[in-house]
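Here is the structure we will look at.
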Amino acid sequence: MIDAGRFNDARARIDAAAQQPGIDARERAALEFQRERMRRIRLDFTLDRAQAEQKVRAQIPDLTREEFDAWDRQGLLEAMTIDGDTRYFKRAPSNLFRLSAQALARRRADAKPLSAGPMETLNAHQREVRDAALERGYGAPRRVRIAQSLTVAADAVPAGKTVRAWLPYPRELPRQQEAIRFLASAPAAHRLAPASALQRTVYLEQIAQAGKPTRFEVGYELTVYGQYRAIDPDKVVPAPDNAQTRPHLGERAPHLVFTPALREFSRKAVGAETNPYRIAQKLYAAVDAIPWAGAREYSTISNISDYALRAGHADCGQQTLLLMALLRLNGIPARWQSGWVFGDDGYTNMHDWAWMYLAPYGWLPVDVTTGRFDSPDPQLAGFYLGGFDAYRVAYNDDYGRDFVPAKRFDRSETVDSQRGEVEWEGGNLYFDQWDYDYKAQVLTTKQ
83 MIDAGRFNDA
93 RARIDAAAQQ
103 PGIDARERAA
113 LEFQRERMRR
123 IRLDFTLDRA
133 QAEQKVRAQI
143 PDLTREEFDA
153 WDRQGLLEAM
163 TIDGDTRYFK
173 RAPSNLFRLS
183 AQALARRRAD
193 AKPLSAGPME
203 TLNAHQREVR
213 DAALERGYGA
223 PRRVRIAQSL
233 TVAADAVPAG
243 KTVRAWLPYP
253 RELPRQQEAI
263 RFLASAPAAH
273 RLAPASALQR
283 TVYLEQIAQA
293 GKPTRFEVGY
303 ELTVYGQYRA
313 IDPDKVVPAP
323 DNAQTRPHLG
333 ERAPHLVFTP
343 ALREFSRKAV
353 GAETNPYRIA
363 QKLYAAVDAI
373 PWAGAREYST
383 ISNISDYALR
393 AGHADCGQQT
403 LLLMALLRLN
413 GIPARWQSGW
423 VFGDDGYTNM
433 HDWAWMYLAP
443 YGWLPVDVTT
453 GRFDSPDPQL
463 AGFYLGGFDA
473 YRVAYNDDYG
483 RDFVPAKRFD
493 RSETVDSQRG
503 EVEWEGGNLY
513 FDQWDYDYKA
523 QVLTTKQ
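Just so it is clear: in the sequence shown, position 156 is 238 by my numbering, and no numbers are missing.
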């Protein structure tokens, strides 16, 4: 009902279910989260038709109604009809210029260029990684200093109440990220989750003060290595079924489900191919063909891989989950990783990617969002299928995993852990109640 925009019907069903005798606390919490999910959806879908059109017109001053209608009919302006009222996704107007070459060509000449990260084009660093890693699979290290903060708005929590915060913190991953050194936190008292936590965090507490924002900060350094493996397809064999691969095969509801639509997409992409590496290449190309666009909050989507398949666009995490589902469907183990990417010039952004298992090579990184490059060198053209750069910090080695210490209330981001999480005794604080910042300073290009 919620996915169909039938919010009133969903509320009635939730109310009725919550009144059933014998309902346990877990079921009640699940029902309440669906109520919260509707609130979050409304925060993402804030624009009416006139507002959406006005935002597009800000970049196409002579926009016609017919043009807007045509792009709308093509599904290029993401919208949702909620109880009969059509609302547009708040990022739909800016996404339009990533989804339509026609709209992009119509932008005013002085419009700000579409943003892109430094590793989204082929450059000397990918060559550096490839050359350094051919012998051992990794190399071209970068030493980086990270400063991350989370700031709760003034009076979002009553004065005198304890605010609990979790900020992402990396764990040692041999030959990927090493030599992690904690520098400082504010407040100084902190608790590091164990390195075994697949979504590792720094836990902090602070007392809210009237009229003042509550700010949490953490700083640390680490060394990150680029990855690359040259794959000979003729040497690739089906992955073994063992303790290393088994947890990363098969479905994992709600976001990795082998729906009929997914099976059909896979059939068309893979055809009669049986070699696991060539299957991965075909699936990578098929998902890479889905254009990138800014995403609604993951906690509002009931099945992210299916959403990426049907929406006509996807961001990095949505593309990654779709590729993972397709790889697993074809017997190729796949697992999640995500964190932040950065540049020498201060650029930072959240990012998600995956790892796949190819025998006899083992686990190999896969960044389908960065995709293929236009290069006559096949190793560089396909660099991100089996390699990645040293300008990324991984914080999550799986998605949707519990924090240490545990969070009492539902998370704002139910899949990833990149911006942080915060709550108090009155409940979770959602993204509209706090802000975040992330800075990365490259210290050295060698260990």
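Note that CB positions come from ideal geometry on N, CA and C, so glycine has one too.
Owing to the predicted nature of the structure, the values given are computational and were not obtained by experimental measurement.
Residue 521 burial status per 10 Å Cβ neighbour count (16 or more: buried): exposed
Within 8 Å, strictly: CB atoms of residue 391 and residue 344: yes
Whole-angstrom C-beta distance between residue 481 and residue 504, which should lie under 8 Å: Residue 504 to residue 481, Cβ: 20 Å. No contact.
Inter-residue Cα distance where the pair is residue 91 and residue 83: 7 Å
Distance between residue 409 and residue 440 (C-alpha atoms, nearest Å): 11 Å
Closer than 8 Å to chain D by CB, residue 454: Here chain D cannot be found, since the structure has a single protein chain.
Boundaries (first-last residue) of the beta strand (DSSP E) holding residue 476: 474 to 478
Cα-Cα separation between residue 98 and residue 122, rounded to whole angstroms: 22 Å
Of the residues 138, 234, 165, the one placed nearest residue 187, counting alpha carbons only: 138
Distance between residue 212 and residue 466 (C-alpha atoms, nearest Å): 11 Å
Straight-line gap, residue 375 to residue 413 (C-alpha atoms, nearest Å): 29 Å
Close-in-space but distant-in-sequence residues of the same chain around residue 219 (CB under 6 Å, 5 per side omitted): 311
Three-state secondary structure (DSSP) of residue 380: helix
Cβ neighbour criterion (16 or more within 10 Å) applied to residue 234: buried
Where the beta strand (DSSP E) containing residue 420 begins and where it ends: 416 to 424
Cβ separation of residue 438 and residue 362, assumed to be a contact under 8 Å, to the nearest whole Å: 6 Å
DSSP state of residue 443 mapped onto helix, strand, coil: coil
Through-space distance from residue 287 to residue 247, alpha-carbon basis: 6 Å
Inside the stretch 323 to 402 only - alpha helix (DSSP H) runs reaching at least 4 residues: 342 to 352, 358 to 370, 386 to 393
Inter-stretch contact (C-beta, 8 Å, three-pair minimum) for the stretch 244 to 258 and the stretch 194 to 206: no
Short Cβ contact (8 Å threshold) for residue 81 with residue 388: No answer is possible for residue 81: it lies beyond the span of the chain, which begins at 83 and ends at 529.
Residues of its chain near residue 313, where Cβ-Cβ distance is below 6 Å and the 5 sequence neighbours each way are ignored: 359, 468
Beta-bridge pairing of residue 207 - partner residues as DSSP gives them: Beta-bridge pairing links residue 207 to no other residue.
Straight-line Cα distance separating residue 88 from residue 517: 31 Å
Option in 126, 163, 177, 185 with minimal Cα separation from residue 152: 185
Cut-off 8 Å between Cβ atoms - residues of its own chain near residue 330, not counting five sequence neighbours on either side: 410, 415, 416, 417, 439
Residues that DSSP places opposite residue 162 in a beta bridge: 169
Which listed residue (118, 100, 117) has its alpha carbon closest to that of residue 110: 100
Limits of the beta strand (DSSP E) - the one that residue 230 falls within: 220 to 234
Span separating the alpha-carbon of residue 366 from that of residue 405: 7 Å
Nearest-angstrom Cα separation, counted from residue 223 out to residue 308: 6 Å
Bounding residues of the alpha helix (DSSP H) (the contiguous stretch that carries residue 457): Segment: none, residue 457 is in no alpha helix (DSSP H) and carries neither H nor E.
Where the beta strand (DSSP E) through residue 259 begins and ends: 259 to 268
Nearest-angstrom Cα separation, counted from residue 227 out to residue 276: 21 Å
Residue 297: first and last residue of the uninterrupted alpha helix (DSSP H) it sits in: No alpha helix (DSSP H) holds residue 297; the beta strand (DSSP E) holding it covers 296 to 310.
Proximal residues to residue 177 (C-beta, below 6 Å), its chain only, five neighbours per side dropped: 375, 376
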